[in-house]
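Asks:
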Amino acid sequence: MSLSQLPVSAIFLYSIAAAAVLIYLPYLLVAYARALVGYDLSAPRAMFDKLPPYAQRATWAHQNSFEAFMIFAAAALMAYVTGVNSPMAANAAIAFVTARLLYSIFYILNIPLLRSLMFGIGSFGSGTLIYLSITQATSSLGQ
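Note that this note's numbering numbers the sequence shown so that position 27 is 27, with each residue one more than the last.
1) Quick check: Thr128 and Ala89, are their CB atoms within less than 9 Å of each other?
2) Regarding Val97 and the ligand MN, is the C-beta to nearest heavy atom distance less than 8 Å?
3) Can you grab the Cα-Cα spacing for the pair Ala33 / Ala79, in whole Å?
4) Would Ser42 be called buried (16 or more neighbouring beta carbons within 10 Å of its own) or exposed?
5) Expressed to the nearest angstrom, what Euclidean distance is found between the alpha-carbon atoms of Leu109 and Leu13?
6) What do you reckon, are the CB atoms on Ala31 and Tyr107 nearer than 9 Å?
7) Measure the alpha-carbon distance for Thr138 versus Leu51 and round it to whole angstroms.
8) Considering only residues of the same chain and omitting the five flanking positions on each side of Phe119, which have a CB-CB separation below 7 Å?
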């Protein structure tokens with residue numbers, strides 16, 4: 001079954017799961033860099049300054065992913081609960097996941113303009129889901 005054949009509600013749920021996984025992808029580079037510099041179990045945060053720049057950026061991408069995930073998960077769950085069922089909503093959820101994957105890549109590779117663009121696209125995806133959910137909920141009240 002391809003992504004286009006999935007019900008929109010399933011796309012919301014799969015997107016939340018994928019976004020949760022994406023939080024930890026940048027951290028794989030952080031773990032690798034920590035292993036190279038010598039992991040200090042007694043002071044894991046103190047070794048941040050010893051990490052190479054790509055690993056520092058991966059740490060920031062990892063941290064930002066938590067922030068973006070909270071908003072997206074709420075937005076996708078709002079859409080799921082209110083029964084939003086449109087191609088626009090499915091595209092917004094898919095765009096968020098895609099943008100967040102690229103966000104981390106561009107952050108780690110230190111390409112700020114593309115990183116910022118992906119941040120904006122991801123935020124727009126979450127905002128679209130919130131808007132569609134509120135619209136769906138308020139239109140249901142009038143029926």
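Think of the CB as a built atom: it goes at the ideal place given N, C-alpha and C, for glycine as much as any other residue.
Owing to the predicted nature of the structure, the values given are computational and were not obtained by experimental measurement.
Replies: In short:
1) It is a contact, given that the beta carbons lie within the stated cut-off.
2) Among the components modelled here there is no ligand, and therefore nothing to report on the ligand MN.
3) Near 39 Å, if we compare the C-alpha coordinates of Ala79 and Ala33.
4) Looking at its Cβ environment, which holds fewer than 16 other Cβ atoms inside 10 Å, Ser42 is exposed.
5) Looking at the two C-alpha atoms, the distance is approximately 29 Å.
6) Going by C-beta atoms, Ala31 is not nearer than 9 Å to Tyr107.
7) Straight through space, the alpha carbons of Leu51 and Thr138 are spaced by roughly 50 Å.
8) Non-local beta-carbon contacts of Phe119 in its own chain, meaning distances under 7 Å to residues more than five positions away in sequence, involve Tyr103 in chain order.
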